[in-house]
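Peer 1: First residue of the sequence shown: 107, per our numbering; consecutive thereafter.
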Amino acid sequence: MNVIGVKKHINKLYKDIYKIIKNEFVTILNSVYQEIYDEAIALGFDGELRNLDEAWIEEFFGKYSPVTKYVFSNEIDRKESYLFEAIVSDPSFSLQSYAKAERLLVGQIKQYAIELEDDIAKVVYEDTGVEKVQWVAKIDYKTCSDCGGLNGEIFDLDEAPEKQHYGCRCYLIPVKE
Numbered sequence: 107m108n109v110i111g112v113k114k115h116i117n118k119l120y121k122d123i124y125k126i127i128k129n130e131f132v133t134i135l136n137s138v139y140q141e142i143y144d145e146a147i148a149l150g151f152d153g154e155l156r157n158l159d160e161a162w163i164e165e166f167f168g169k170y171s172p173v174t175k176y177v178f179s180n181e182i183d184r185k186e187s188y189l190f191e192a193i194v195s196d197p198s199f200s201l202q203s204y205a206k207a208e209r210l211l212v213g214q215i216k217q218y219a220i221e222l223e224d225d226i227a228k229v230v231y232e233d234t235g236v237e238k239v240q241w242v243a244k245i246d247y248k249t250c251s252d253c254g255g256l257n258g259e260i261f262d263l264d265e266a267p268e269k270q271h272y273g274c275r276c277y278l279i280p281v282k283e
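#1: Quick check on L155: does DSSP put it in helix, strand or coil?
#2: With three or more C-beta pairs closer than 8 Å as the rule, is the region 169 to 176 touching the region 254 to 265?
#3: How should L135 be labelled, buried or exposed, when 16 other C-beta atoms within 10 angstroms of its C-beta is the threshold for buried?
#4: Would you kindly work out how many angstroms separate the C-alpha atoms of A227 and Y188, rounded to a whole number?
#5: By Cβ distance, which residues of its chain are closer than 8 Å to L149, with the 5 residues on each side in sequence left out?
#6: Using the Cβ count rule (16 or more neighbours within 10 Å means buried), how would you classify D225?
#7: Measure the alpha-carbon distance for D144 versus V132 and round it to whole angstroms.
#8: Give the straight-line distance between the Cα atoms of Y124 and Y277, rounded to the nearest whole angstrom.
#9: Could you check what DSSP says for F166 in three-state terms: helix, strand or coil?
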């Protein structure tokens with residue numbers, strides 16, 4: 107296969123992957139929204155449900171993440187270029203290079219799934235009139251000092267801190283005043 111053929115093949119592969127990721131995120135979007143909405147209603151908050159759609163996901167994929175320090179859609183393009191360069195620059199291209207590209211992409215998808223749920227929670231909280239939230243950290247031997255130090259702190263919704271790092275297991279819960 108020539109270089110142009112490799113480029114076309116990888117480009118199609120990453121376009122297909124992006125489409126699958128987007129479709130999966132859209133699929134889980136409204137069920138996660140409904141679950142968090144039900145929890146907020148059970149706590150005494152009230153508001154109208156909204157329908158989050160593919161356009162919302164595209165916007166989510168296009169915004170900067172303070173945790174990853176990149177934009178999801180731009181990073182997909184960068185990872186595509188990385189794989190292409192690995193293949194064409196190394197005549198002995200191995201499965202290790204492909205496995206590394208796959209591992210990087212899977213890590214990105216996992217992190218953005220975490221961020222998706224966080225963003226959905228914030229939308230629900232806005233929709234149901236939540237003004238204050240509490241930071242909840244998973245306390246165990248993996249808990250970092252930043253997360254542990256925030257555990258139990260209450261913030262105005264619009265001033266709640268972002269996740270501290272990749273794989274952060276912390277989350278926000280609504281506080282009824």
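In this text, a Cβ means the ideal position worked out from N, Cα and C, and glycines have one as well.
Peer 2: In brief:
#1: Per DSSP, reduced to three states, the secondary structure at L155 is coil, with no helix or strand assignment.
#2: No contact exists between the region 254 to 265 and the region 169 to 176.
#3: Buried, since its Cβ has 16 or more Cβ neighbours within 10 Å.
#4: 33 Å
#5: Cβ contact annotation for L149 (same chain, cutoff 8 Å, sequence separation greater than five): P280, K282, in chain order.
#6: buried
#7: Taking the Cα positions, D144 is about 19 Å away from V132.
#8: 26 Å
#9: In the structure shown, F166 sits in a helix (DSSP, three-state: H, G or I).
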